[in-house]
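**Student:** Sharing a structure below in structure tokens format, with a few things to ask.
In this note's numbering, the protein residues as written are 1330 to 1540.
What follows is the structure, given as structure tokens:
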């Protein structure tokens, strides 16, 4: 699928998951004229670092997605409790169905169905139900993935990764995380690029592909 002039929907269990999993591809898609929508289901108010406002991650995701080029009106931020999304499956499913009906995306990005985090696996399974008639790719978050099948690659240029890093830099509350570092972002992109004979790439699992 050519990403040009398509509608993409990024589903993130928590703020920053979408940028980490497919931030370069988001930047690339927007550059080619695609509309990108982003939905974050938890702002993790209960686990923000001490001394920071409880809504800091909502503030940060709004800035991060803006830096990627996502229109503010294309961002949805829900208030589900971190690490307890599995207690709200039906509500999440209903929110996903509303997004489906409103956006009618050409392609949906979700965390891997093999993701170990309870919030990630919950959102992925409910998204699979809501978007079973749509093309779906799963993005990788290696710290949560024991198994990840590298089936689909998005070739990136350095400028796409630089835009991804610029977006991630908006998450000052998360800067202590190793996976937020420039070294990590570029090394993973180089590894995925080497697999397909390119300089940089992001990779995805194919959940459903409709031609």
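Think of the CB as a built atom: it goes at the ideal place given N, C-alpha and C, for glycine as much as any other residue.
Keep in mind it's a predicted model, so treat the numbers as computed, not measured.
Going by C-alpha to C-alpha distance, which of 1409, 1426, 1352 sits closest to residue 1397?
**Tutor:** 1352
**Student:** By alpha-carbon positions, which one of 1445, 1405, 1419, 1412 ends up nearest to residue 1432?
**Tutor:** 1405
**Student:** Apply the 10 Å Cβ neighbour rule to residue 1334 and answer buried if 16 or more other Cβ atoms are within range, or exposed otherwise.
**Tutor:** exposed
**Student:** Could you tell me which uninterrupted beta strand (DSSP E) segments, each at least 3 residues in length, are contained entirely in the segment 1439-1521, listed from first to last along the chain?
**Tutor:** 1464-1468, 1481-1485
**Student:** Once DSSP output is grouped into helix, strand and coil, what is the label at residue 1537?
**Tutor:** Here DSSP, grouped into helix, strand and coil, assigns residue 1537 to strand.
**Student:** Who are residue 1339's beta bridge partners in DSSP?
**Tutor:** 1367, 1438
**Student:** Have a look at the DSSP bridge pairing and note the partners of residue 1541.
**Tutor:** An answer regarding residue 1541 cannot be provided, because it is not within the stretch 1330 to 1540 covered by the chain.
**Student:** Tell me, which residues are paired with residue 1377 by DSSP?
**Tutor:** The beta-bridge partner set that DSSP reports for residue 1377 is empty.
**Student:** In three-state DSSP terms, what is residue 1523?
**Tutor:** Residue 1523 falls in the helix class under three-state DSSP.
**Student:** Where residue 1494 and residue 1416 are concerned, what is the direct C-alpha to C-alpha distance, given to the nearest angstrom?
**Tutor:** 33 Å
**Student:** Could you have a look at residue 1390 and say whether DSSP puts it in helix, strand or coil?
**Tutor:** Look at residue 1390 here: in three-state DSSP terms it is helix.
**Student:** Helix or strand or just coil, what does DSSP make of residue 1411?
**Tutor:** coil
**Student:** As a quick exercise: from 1455, 1375, 1347, 1366, pick the residue whose alpha carbon is nearest that of residue 1424.
**Tutor:** 1455
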